Amino acid sequence: MSNYSHRGYEQRTSGYGRRRHKASGFRKKNTGSGAAKGAAAVVSVAAIAVLAYLFADNIIPFLGSIRGTDTGSDTETLAETQDSPDIALTVTAVPTADEPTEIPPADGYFDNADDNIFISGGAGYVKFKGIDSTARNYTAILNSISRNIPSGIDMYDIVLPTNAEIGIDGYIPGSNSQKDNLDVISLLLSDKVKYVDAYSALKAHNSEYLYYRTDPALTSLGGYYAYTGFADKSGNDAYLLSELSKKKYGISPFEGEYIERTTDNKAQPHGNQELFNNPDSIEYYKLPVHYNCYEINRSSGSRTEFDLFSDKNAASDPLSVFPGKDKDFLAVYNLQSDNTDKLLIVKDHAAEPVIGFIIPHYSEIYIADVSLYSGDLHSVISEYGITDIIFINGIDDANNSLYCQRLRDLFDNGISD
Numbered sequence: 063m064s065n066y067s068h069r070g071y072e073q074r075t076s077g078y079g080r081r082r083h084k085a086s087g088f089r090k091k092n093t094g095s096g097a098a099k100g101a102a103a104v105v106s107v108a109a110i111a112v113l114a115y116l117f118a119d120n121i122i123p124f125l126g127s128i129r130g131t132d133t134g135s136d137t138e139t140l141a142e143t144q145d146s147p148d149i150a151l152t153v154t155a156v157p158t159a160d161e162p163t164e165i166p167p168a169d170g171y172f173d174n175a176d177d178n179i180f181i182s183g184g185a186g187y188v189k190f191k192g193i194d195s196t197a198r199n200y201t202a203i204l205n206s207i208s209r210n211i212p213s214g215i216d217m218y219d220i221v222l223p224t225n226a227e228i229g230i231d232g233y234i235p236g237s238n239s240q241k242d243n244l245d246v247i248s249l250l251l252s253d254k255v256k257y258v259d260a261y262s263a264l265k266a267h268n269s270e271y272l273y274y275r276t277d278p279a280l281t282s283l284g285g286y287y288a289y290t291g292f293a294d295k296s297g298n299d300a301y302l303l304s305e306l307s308k309k310k311y312g313i314s315p316f317e318g319e320y321i322e323r324t325t326d327n328k329a330q331p332h333g334n335q336e337l338f339n340n341p342d343s344i345e346y347y348k349l350p351v352h353y354n355c356y357e358i359n360r361s362s363g364s365r366t367e368f369d370l371f372s373d374k375n376a377a378s379d380p381l382s383v384f385p386g387k388d389k390d391f392l393a394v395y396n397l398q399s400d401n402t403d404k405l406l407i408v409k410d411h412a413a414e415p416v417i418g419f420i421i422p423h424y425s426e427i428y429i430a431d432v433s434l435y436s437g438d439l440h441s442v443i444s445e446y447g448i449t450d451i452i453f454i455n456g457i458d459d460a461n462n463s464l465y466c467q468r469l470r471d472l473f474d475n476g477i478s479d
């Protein structure tokens, strides 16, 4: 797809060709005498001649501009047609009074050495630096993968935005638009890849506790709303929150990575004071199904039993309470599935709060971490009879060339350019 609407790109619109219409007024009845009419005609002709002479320099260019006539002007004109009212026109968007020329910046300040963490309302935010070319690189790799997986496999893509645009009023200075970046991804993905709009699902609930204040990760609630976007796209009925059992992680408060990264100021040894005064808590939702989970060594074939949700997983890292943290390959067997669908999740660390909600919809789920897994995922697809593949990653990784290259390497045996 070569043409798409996007901020900073040529916009193409259609349906704006104008029709000429015949006048619908009544013709006035002629009641004057011949002499009077003749005199009036002479006066009218003379008046028209004088006006045309005096204003020709303005009238002719004006008429030429509305008719598309070349008047020697540099002004771009739009052709008006009677027979083709729906002609596509290339236009340049002009700001109006109702369209502000710039988005107001968020209220806050930067507080760390590299001027990257923005503090606002007791929460931390990080600039988004992705651009259109990095988004196109990501979609090109997914499109290549989609062309080389067996036919009949459903393929989904979930790109998770950060709180820099979802949970803040305004834009962080120096941060690029995540919405625009995601629009590029969704429009350039091939028809074989079903794009899941996590952005809209999260934005609709941005007043809720979707992201941690002291860490860039999604909360479990944020993961749930991203999951509802997938359920809608895949035709599954999303579980209601009331159907899930919510657990609170035993160790609190949770102080995320922003605390550590804002310790440059020696007067605040515990990091930014606003963040330190607003610590987080970790909650998660237990799956409404019984399952067995194993950490699998693909090289040796060994399997180690593993609990997807357990405080024991989070002894050193509280966020390890979520599925797949720091594990290269996991297999989950749903003991209550009423279908035979088998899912491969290809993910990064941002995906972990989302994964648990998806698991009940499949009989078998295999989870490969892009940064940790080594091997060829084509063999996983064939060996386990995969029916669906979901790529879940944060928007920063989707725009990171090293991550994208790593993703490509996992499918390199069989990828074509």
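Each step along the sequence shown adds one to the number in this note's numbering, with nothing skipped, and position 56 is 118. Cβ atoms here follow ideal geometry from the backbone N, Cα and C, with glycine treated the same way. Just so we're clear, the structure is a prediction, and the values are computed from it rather than from any experiment.
(message) Using the three-state DSSP reduction, which class does residue 455 fall into: helix, strand or coil?
(response) Position 393 of the sequence shown, counted from the first residue, corresponds to residue 455. Note: residue 455 maps to strand in three-state DSSP.
(message) Please state the DSSP three-state secondary structure of residue 291.
(response) If you number the sequence shown from 1, residue 291 lands on position 229. Residue 291: helix per DSSP, three-state reduction.
(request) Specify the secondary structure class of residue 334 as computed by DSSP and reduced to three states. (result) Translated into positions along the sequence shown, residue 334 becomes position 272. Under the three-state reduction of DSSP output, residue 334 falls in the coil class, being neither helix nor strand.
(message) On the DSSP bridge list, what partners appear for residue 393?
(response) As a position in the sequence shown, residue 393 is number 331, starting the count at 1. The beta-bridge partner set that DSSP reports for residue 393 consists of 356, 428.
(request) Compute the distance between the beta-carbons of residue 391 and residue 309, then report whether it is under 9 angstroms. (result) By 1-based counting over the sequence shown, the position of residue 391 is 329. By 1-based counting over the sequence shown, the position of residue 309 is 247. No.
(request) Give the DSSP-derived three-state secondary structure of residue 351 in the structure shown. (result) Within the sequence shown, residue 351 is the residue found at index 289, counting from 1. Coil at residue 351, not helix or strand.
(message) Using C-beta distances below 7 angstroms, list every residue in its chain close to residue 191, excluding the 5 sequence neighbours before and after it, in chain order.
(response) The count along the sequence shown starts at 1 and reaches residue 191 at position 129. Cβ neighbours of residue 191 beyond the five flanking positions: 238.
(request) Going by DSSP, name the residue or residues bridged to residue 246. (result) The residue you call residue 246 lines up with position 184 of the sequence shown. Within the DSSP bridge table, the entry for residue 246 names no partner.
(request) Have a look at 216, 234, 201, 213 and flag the residue whose alpha-carbon is nearest the alpha-carbon of residue 183. (result) Here residue 183 refers to the residue found at position 121 when the sequence shown is read from its first residue. Of the listed residues, the one whose Cα sits closest to residue 183 is 234.
(request) Tell me residue 280's beta-bridge partners as DSSP assigns them. (result) The count along the sequence shown starts at 1 and reaches residue 280 at position 218. The partner list for residue 280 (beta bridge, DSSP) reads 273.
(message) In the DSSP output, which residue or residues are listed as bridge partners for residue 316?
(response) As a position in the sequence shown, residue 316 is number 254, starting the count at 1. According to the DSSP secondary-structure assignment, residue 316 is paired through a beta bridge with 342.
(request) May I have the straight-line CA-CA distance separating residue 401 from residue 187, to the nearest angstrom? (result) Taking the sequence shown and counting its residues from 1, the one referred to as residue 401 is at position 339. Taking the sequence shown and counting its residues from 1, the one referred to as residue 187 is at position 125. Across the structure, residue 401 and residue 187 are spaced so that their CA atoms are roughly 41 angstroms apart.
(request) Closer than 6 angstroms by C-beta to residue 240: which residues in its own chain qualify, once you throw out the five before and the five after it? Chain order, please. (result) Indexing the sequence shown from 1 puts residue 240 at position 178. Counting only Cβ-Cβ distances below 6 angstroms, and skipping sequence neighbours, we find 190, 223, 227, 457.
(request) Given a cut-off of 9 angstroms, decide if residue 429 and residue 407 are closer than it, judged by their beta-carbon atoms. (result) Position 345 of the sequence shown, counting from 1, holds the residue named residue 407. Position 367 of the sequence shown, counting from 1, holds the residue named residue 429. Contact flag set, yes.
(request) Check the C-beta distance from residue 221 over to residue 460 and give it rounded, since I have them as a contact under 8 angstroms. (result) The residue you call residue 221 lines up with position 159 of the sequence shown. The residue you call residue 460 lines up with position 398 of the sequence shown. Right, their Cβ atoms sit about 5 angstroms apart.
(request) Give the C-beta separation of residue 342 and residue 277 to the nearest angstrom, bearing in mind that I take them to be a contact with Cβ-Cβ under 8 angstroms. (result) On the sequence shown, residue 342 is found 280 positions in, with the first residue counted as 1. On the sequence shown, residue 277 is found 215 positions in, with the first residue counted as 1. Sure, about 7 angstroms apart at Cβ, within 8 angstroms.
(request) State the start and end residues of the unbroken beta strand (DSSP E) segment that holds residue 445. (result) If you number the sequence shown from 1, residue 445 lands on position 383. Not the beta strand (DSSP E): residue 445 falls in the alpha helix (DSSP H), residues 439-446.
(message) If you reduce the DSSP assignment to three classes, tell me which class residue 186 lands in.
(response) Position 124 of the sequence shown, counted from the first residue, corresponds to residue 186. Reduced to three states, the DSSP call for residue 186 is strand.
(request) Excluding the 5 residues preceding and the 5 following residue 322 in the sequence, name in chain order all residues of the same chain whose CB lies nearer than 7 angstroms to its CB. (result) As a first step, residue 322 must be located in the sequence shown, where it is residue number 260. Cβ within range, chain order: 333.
(message) Taking the straight line between their C-alpha atoms, what separation do you get for residue 485 and residue 275?
(response) Coverage of the chain is limited to positions 63 through 479, which leaves residue 485 absent and any answer about it impossible.
(message) Just to confirm, is the Cβ distance from residue 382 to residue 403 under 9 angstroms?
(response) For the purposes of this step, residue 382 is identified with residue 320 of the sequence shown, where counting begins at 1. For the purposes of this step, residue 403 is identified with residue 341 of the sequence shown, where counting begins at 1. No. Outside cutoff.
(message) Can you find the residues in the same chain that come closer than 7 angstroms, C-beta to C-beta, to residue 349, ignoring five residues on each side of it along the sequence?
(response) Here residue 349 refers to the residue found at position 287 when the sequence shown is read from its first residue. Closer than 7 angstroms at Cβ, skipping near neighbours: 418, 421, 422.
(request) Just grab the DSSP bridge partners of residue 257 for me. (result) Start at 1 with the first residue of the sequence shown, and residue 257 comes out as number 195. Per DSSP, 219.
(request) Please say whether residue 198 and residue 244 have beta carbons closer to each other than 9 angstroms? (result) As a first step, residue 244 must be located in the sequence shown, where it is residue number 182. As a first step, residue 198 must be located in the sequence shown, where it is residue number 136. Using a Cβ distance threshold of 9 angstroms, residue 244 and residue 198 do not count as a contacting pair.
(message) At the level of alpha carbons, what is the spacing between residue 444 and residue 469?
(response) Taking the first residue of the sequence shown as position 1, residue 444 is located at position 382. Taking the first residue of the sequence shown as position 1, residue 469 is located at position 407. Near 18 angstroms, if we compare the C-alpha coordinates of residue 469 and residue 444.
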